Amino acid sequence: MKWINKLMRGGSADTAKGRLKIVIAQERSSKKGQPDFLPLLHKEILAVIEKYMRISSDMVEVDFSHQDRSAVLKLNVILPDEVKAKS
Numbered sequence: 030m031k032w033i034n035k036l037m038r039g040g041s042a043d044t045a046k047g048r049l050k051i052v053i054a055q056e057r058s059s060k061k062g063q064p065d066f067l068p069l070l071h072k073e074i075l076a077v078i079e080k081y082m083r084i085s086s087d088m089v090e091v092d093f094s095h096q097d098r099s100a101v102l103k104l105n106v107i108l109p110d111e112v113k114a115k116s
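Every position in the sequence shown, counted from 1, becomes a number in our numbering once 29 is added.
Structure (structure tokens):
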């Protein structure tokens with residue numbers, strides 16, 4: 030009868046699945062809701078701006094936040110005093 034009880038209580042797969050869910054939930058909460066694509070988005074936006082003018086990476090800021098029930102993506106670009114077209 031012990032083998033029936035063993036079948037009914039679940040195995041190590043269920044335990045591993047539960048632990049994985051906990052780890053994933055902790056990782057998501059530690060990122061403060063930041064999407065994974067944010068660094069790539071920053072890099073691509075910078076590349077597009079660099080096609081038209083000389084600008085450094087610290088002059089482009091991409092921020093992701095939540096307001097009410099909406100996700101908000103803020104883009105802040107500091108343009109140089111003299112905009113020189115890239116040749």
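Beta carbons: idealized from backbone N, C-alpha and C, even for Gly. Since we're looking at a predicted model, the values are computed, not measured.
Using the C-alpha atoms, what's the distance from ASP65 back to THR44? On the sequence shown, residue 44 is found 15 positions in, with the first residue counted as 1. On the sequence shown, residue 65 is found 36 positions in, with the first residue counted as 1. Answer to the nearest angstrom: the Cα atoms are 27 Å apart.
Assuming LEU67 and PHE93 form a contact by the criterion Cβ under 8 Å, report the distance between their Cβ atoms to the nearest whole angstrom. In the sequence shown, counting from the first residue as 1, residue 67 sits at position 38. In the sequence shown, counting from the first residue as 1, residue 93 sits at position 64. The Cβ separation is near 6 Å, so the contact holds.
Rounded straight-line distance, which links the Cα of ARG48 to that of GLU90: By one-based count along the sequence shown, residue 90 stands at place 61. By one-based count along the sequence shown, residue 48 stands at place 19. Cα to Cα, the separation comes out at about 36 Å.
Nearest-angstrom Cβ-Cβ length linking LYS84 and PRO109, presumed shorter than 8 Å: To locate residue 84, count along the sequence shown from 1; it is residue 55. To locate residue 109, count along the sequence shown from 1; it is residue 80. The sequence shown places Ile at residue 84, rather than the Lys named in the question. Yes, they are in contact, since the Cβ atoms of ILE84 and PRO109 sit about 7 Å apart, within 8 Å.
Have a look at ILE53, LYS72, TYR81 and flag the residue whose alpha-carbon is nearest the alpha-carbon of GLU111. For this step, residue 111 is matched to residue 82 along the sequence shown. When each option's Cα is compared against that of GLU111, the closest is TYR81.
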